[in-house]
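Trainee:
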Ligand SMILES: *Cc1c(COP(=O)(O)O)cnc(C)c1O
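Numbering (this note's numbering), first residue to last: 1 to 339.
(1) Is the distance from the Cβ of residue 207 to the Cβ of residue 76 below 7 Å?
(2) If you reduce the DSSP assignment to three classes, tell me which class residue 142 lands in.
(3) Going by beta carbon distance, what residues of the same chain come within less than 8 Å of residue 98, once the five residues before and after it are set aside?
(4) Can you grab the Cα-Cα spacing for the pair residue 222 / residue 57, in whole Å?
(5) Along the beta strand (DSSP E) that carries residue 110, what are the first and last residues, could you check?
(6) Measuring CB atoms only, is the stretch 119 to 128 touching the stretch 144 to 155, in the sense that at least three cross pairs come out at less than 8 Å?
(7) Less than 7 Å between the beta carbons of residue 268 and residue 25, yes or no?
(8) Consider the C-beta atom of residue 237 and the heavy atoms of ligand 1; say whether any pair is separated by less than 6 Å.
(9) Which first and last residues belong to the alpha helix (DSSP H) in which residue 176 is found?
(10) Please determine, among 201, 282, 219, the residue with the shortest C-alpha to C-alpha distance to residue 243.
(11) Rounded to the nearest angstrom, how far is the Cβ of residue 312 from that of residue 288, given a contact under 8 Å?
(12) Under the DSSP definition of a beta bridge, which residues are partnered with residue 7?
(13) With a floor of 4 residues, list each alpha helix (DSSP H) that falls wholly inside the stretch 38 to 89, ordered by position along the chain.
(14) Give me the residue from 168, 49, 198, 96 with the minimum Cα distance to residue 232.
(15) What does the Cβ neighbour count give for residue 93, buried or exposed, with the cut at 16 atoms within 10 Å?
(16) Please state whether DSSP places residue 248 in a helix, a strand or coil.
(17) Whole beta strand (DSSP E) runs in the stretch 164 to 223 with 3 or more residues, listed along the chain?
(18) Beta carbon of residue 210, beta carbon of residue 61: below 7 Å?
(19) Is any heavy atom of ligand 1 found at a distance shorter than 6 Å from the C-beta of residue 79?
(20) Can you grab the Cα-Cα spacing for the pair residue 276 / residue 298, in whole Å?
(21) Residue 228 by DSSP, collapsed to three states: which one?
(22) Any heavy atom of ligand 1 closer than 6 Å to the Cβ of residue 23?
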């Protein structure tokens, strides 16, 4: 066994029991009716391999992003594309810049390439101009960032695009912020934007995501993929979801409004960071994830994430009635603990 494999900790996927799931940043709403129909219709074709080039979905995404389909690579979730980007662009001992705290998969797949990790931390988790001291082969930035929720400033992204041989901007939550860097990825030949269908489009169970980059980078990322990895039902549902933008924009607005309500209602817990995503990061000494789990609500604590100082909960925004329950349970628990 490779020594790097021995020292890697398994990915902490949170708790998946029969509980209210507010731990994985999923979309709480059902898919649109058209997506459900597309799923059922795709079953008629599952004796066949899917289109090897995923052409129809690439065309739909290109229309959505306003680019050419040669600028789009498809993967089994953005997670799989993180792995593929590392395989494409990292040589042994290359430097990978991953400002922390951020998404732990960047560390995992960089380590598997035997790359050298640079993991600077910043005041209040906001990347500053000091980042310009690095000159890495590859940089991973998550924006809005998981777990802090903040969108990384344009000036910082531009510095990193200059300083890094390759820059990956993980925009898994971009639609909740209504901001994006896709134009940068289309202008620069070293910038890759990753997107997911798991969050805004609520297809986490189907495993589908994409990358936006120059034709040359997309060609590289596509060349090394497992053939036919994305299933026909996933392709069909992603296409249908892109045809139902109005539905998804409507539920996204509800989620964003609920996020702000939750932020107000839970402010007594401690420090809540400004979020442009569908979750809140809360620094608190009043309540633990396990207390909530005992009451049937799963939220995420991030005890071993490098760069996060103190005890934090990451809570996904649910539907109104789910958030009401969360607020009620947290209020009861914290009254109990202060008496
Ligand atoms: C959820 C998430 C992803 C991707 O998820 P997939 O389900 O693999 O598309 C990627 N990056 C971040 C930061 C995420 O939070």
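Beta carbons: idealized from backbone N, C-alpha and C, even for Gly. Model, not experiment: these values are computed from the prediction.
Mentor: Concretely, from the data shown:
(1) If you number the chain shown from 1, residue 207 lands on position 207. If you number the chain shown from 1, residue 76 lands on position 76. Yes, they are a contact pair.
(2) The count along the chain shown starts at 1 and reaches residue 142 at position 142. Strand at residue 142.
(3) Along the chain shown, one-based indexing puts residue 98 at 98. Sequence-distant Cβ neighbours of residue 98 in its own chain, meaning closer than 8 Å and more than five residues away, are 106, 107, 110, 117, 118, 119, 139, 140.
(4) Taking the first residue of the chain shown as 1, we reach residue 222 at position 222. Taking the first residue of the chain shown as 1, we reach residue 57 at position 57. Residue 222 and residue 57: Cα-Cα distance of roughly 14 Å.
(5) Taking the chain shown and counting its residues from 1, one reaches residue 110 at position 110. Counting along the chain, residue 110 falls outside any beta strand (DSSP E), though it belongs to the alpha helix (DSSP H) covering 105 to 112.
(6) Yes, they touch.
(7) Residue mapping note: residue 268 aligns to position 268 of the chain shown, counting from 1. Residue mapping note: residue 25 aligns to position 25 of the chain shown, counting from 1. If you check the CB distance, residue 268 and residue 25 do not come in under 7 Å.
(8) By 1-based counting over the chain shown, the position of residue 237 is 237. No; taking the cut-off as 6 Å, the Cβ of residue 237 has no heavy atom of ligand 1 nearer than that.
(9) Within the chain shown, the letter at position 176 stands for residue 176. Residues 174 to 177.
(10) Working through the chain shown from its first residue, we reach residue 243 at position 243. Comparing Cα positions, the closest option is 201.
(11) Counting from 1 along the chain shown, the entry for residue 312 is found at position 312. Counting from 1 along the chain shown, the entry for residue 288 is found at position 288. Contact flag wrong, Cβ pair sits at about 11 Å.
(12) Reading the chain shown from its first residue, position 7 is the one you call residue 7. Assignment of beta-bridge partners to residue 7 by DSSP yields no partner.
(13) Uninterrupted alpha helix (DSSP H) stretches at least 4 residues long and entirely within the stretch 38 to 89 occur at 55 to 65, 77 to 89, given in chain order.
(14) Residue mapping note: residue 232 aligns to position 232 of the chain shown, counting from 1. Among 168, 49, 198, 96, the Cα nearest to that of residue 232 is on 49.
(15) By 1-based counting over the chain shown, the position of residue 93 is 93. Counting C-beta atoms within 10 angstroms of its own C-beta, residue 93 has fewer than 16 neighbours from the protein chains shown and is therefore classed as exposed.
(16) Along the chain shown, read from residue 1 onward, the residue named residue 248 stands at position 248. Note: residue 248 maps to helix in three-state DSSP.
(17) 166 to 170, 191 to 196, 209 to 212, all fully within the stretch 164 to 223.
(18) By 1-based counting over the chain shown, the position of residue 210 is 210. By 1-based counting over the chain shown, the position of residue 61 is 61. The answer is yes: Cβ separation under 7 Å.
(19) Indexing the chain shown from 1 puts residue 79 at position 79. Checking the Cβ of residue 79 against ligand 1 gives yes.
(20) Taking the chain shown and counting its residues from 1, one reaches residue 276 at position 276. Taking the chain shown and counting its residues from 1, one reaches residue 298 at position 298. In this structure, the alpha-carbon of residue 276 lies about 21 Å from that of residue 298.
(21) Walking along the chain shown from the start, residue 228 turns up at place 228. Residue 228 sits in coil when the DSSP states are folded into three classes, being neither helix nor strand.
(22) On the chain shown, residue 23 is found 23 positions in, with the first residue counted as 1. Result no, Cβ not under 6 Å from ligand 1.
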